[in-house]
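Last residue of the sequence shown: 324 (my numbering), numbering continuous. For every residue, glycine included, the Cβ atom is placed at its ideal position computed from N, Cα and C.
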Amino acid sequence: MSKDEVQHGIPEGVPVVRCVAGGVFMGLANLVPGISGGTMLLAAGVYRRFIGAVSELSTLRFRAGSIAVVALIGLAALGAIGGFAGTMKMLVIEHRWVMYSLFIGLTLGGVPILHKLARPIDARAVAGTVLGLALMVGMFVFSPDETVHRHSMVFMFAAGVLGASAMILPGISGAYLLILLGVYVPILASVDRVKGAVLYGGDIAAALQEWRVVVPVGIGVVVGIAGVSNLLKWLLLKHEKVTVGFLLGLVVGSVLGLWPFKVPVQPAETALLEETLGREVAAGPGVNKDEWPLEPFTPGAAQIAASIGLIGVGFAMTMGVAWIGREKPAKGSGAS
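Below is the structure:
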């Protein structure tokens, strides 16, 4: 722990610049599947401060330092999400195979982080990894129709809880979980529409309709950060090997949902796709492109090579962030 940190993770003095930078990084991380918000806070050097402050506030201990840390990081994260949600949505829709190839690398970059935490590997870590991997495979195989997800406030609340919980932990991507649950692009689209209406005089009535997405997700985020993060902290304290192994399994299995070679298909061209899927797909005029069904395509050799290269770039980016944010032993102390 650094000199300016004391017991319980509460700082003696609040480092405003690092808190704001960490919040911006965390907000951007929650827009990019594969990058963990926790990893970004580690890179900014405020991870312990944030976890300590959340623990204080969630147990109704309202200290000035805790409030300042959470406010600075939280507001900066919200600003980053609001500012870049539209750009990220556009990139994912218009350049899916490029972005998803990058996301695969970013996700796999979290594996060494969690593997290091799990060492020395024992039976408990292996059991946790197998359990986490099995869960992700099950979610991928048995994931229901994502059009059901988009119109369920309960599901949106659950997505907010899961996404917020994941962003607390280094190596775990909340944005990826939103992709797997089928709500990543809908949430980005809702945030972007609300931002456009508020800041640029857009359709206020249309923006108000987004409350069915924004409100339950927002409440879920608060519950996830305040509640589930403390549960995970307790599990890491009491059952560290199994828990870290489980998280490792989640990260490895998460790649299943990131197959990049799919393309949105215009609804008018999907009659045969309906027969293949055995269900209706979005059709008719006025359907947003983020609601178009996806159809696999066969990539060319150049695309495959570029995809592999992007995976390598993403992996290197996550590893680089982890290296920058690595903890260094205090001067004059032994390794701990």
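Neighbour flag for LEU19 against chain C, beta carbons, 7 Å: Here chain C cannot be found, since the structure has a single protein chain.
Environment of ASP180 [buried if 16+ CB atoms lie within 10 Å]: Sequence index remark: in the sequence shown, residue 180 carries index 192 (1-based). Per the 10 Å Cβ criterion, buried.
Stretch pair the segment 199 to 215 + the segment 142 to 154: three plus CB contacts closer than 8 Å: yes
Helix, strand or coil at GLY170 [DSSP, three-state]: The sequence position of residue 170 within the sequence shown is 182, counting from 1. If DSSP states are grouped into helix, strand and coil, GLY170 belongs with coil.
C-beta atoms of ALA65 and GLY15 nearer than 7 Å: Counting from 1 along the sequence shown, the entry for residue 65 is found at position 77. Counting from 1 along the sequence shown, the entry for residue 15 is found at position 27. Yes.
ILE296 versus SER89 - alpha carbon distance: The residue given as residue 296 occupies position 308 in the sequence shown. The residue given as residue 89 occupies position 101 in the sequence shown. Near 7 Å, if we compare the C-alpha coordinates of SER89 and ILE296.
Alpha-carbon spacing of VAL334 relative to VAL240, whole angstroms: The structure shown does not extend to residue 334, since the chain spans only -11 to 324, so no value can be given for it.
Reference VAL11; option with closest CA among GLY70, PRO100, LEU45, LEU166: As a working mapping, residue 11 is identified with position 23 in the sequence shown. For clarity, residue 11 is Gly in the given sequence; the question names Val instead. Checked all of GLY70, PRO100, LEU45, LEU166; the closest Cα to GLY11 is GLY70.
Opening and closing residue of the beta strand (DSSP E) in which PRO287 lies: Counting from 1 along the sequence shown, the entry for residue 287 is found at position 299. From DSSP, PRO287 is part of no beta strand (DSSP E); its letter is neither H nor E.
Proximity winner among PHE249, LEU223, THR306, relative to PRO287 (alpha-carbon distances): Stepping through the sequence shown from its first residue, residue 287 is reached at position 299. Measuring from the Cα of PRO287, the nearest candidate turns out to be PHE249.
Three-way DSSP call (helix, strand, coil) for GLU44 in this model: Along the sequence shown, read from residue 1 onward, the residue named residue 44 stands at position 56. GLU44: helix per DSSP, three-state reduction.
Short Cβ contact (7 Å threshold) for ALA62 with ILE156: Walking along the sequence shown from the start, residue 62 turns up at place 74. Walking along the sequence shown from the start, residue 156 turns up at place 168. Correcting the residue type first, residue 62 is Gly in the shown sequence and not Ala. Cβ atoms of GLY62 and ILE156: not closer than 7 Å.
Burial state of VAL125 (16 or more Cβ within 10 Å): Here residue 125 corresponds to residue number 137 of the sequence shown, with the count starting at 1. By the 10 Å Cβ count, VAL125 comes out exposed.
Local conformation of ALA271 per DSSP, three classes: The sequence position of residue 271 within the sequence shown is 283, counting from 1. At ALA271, the pLDDT of 46 sits below 50, so the modelled position is not reliable; the number obtained from the coordinates is stated separately. Note: ALA271 maps to coil in three-state DSSP.
First and last residue of the uninterrupted beta strand (DSSP E) at PRO252: One-based indexing of the sequence shown puts residue 252 at position 264. 250 to 252 is the extent of the beta strand (DSSP E) around PRO252.
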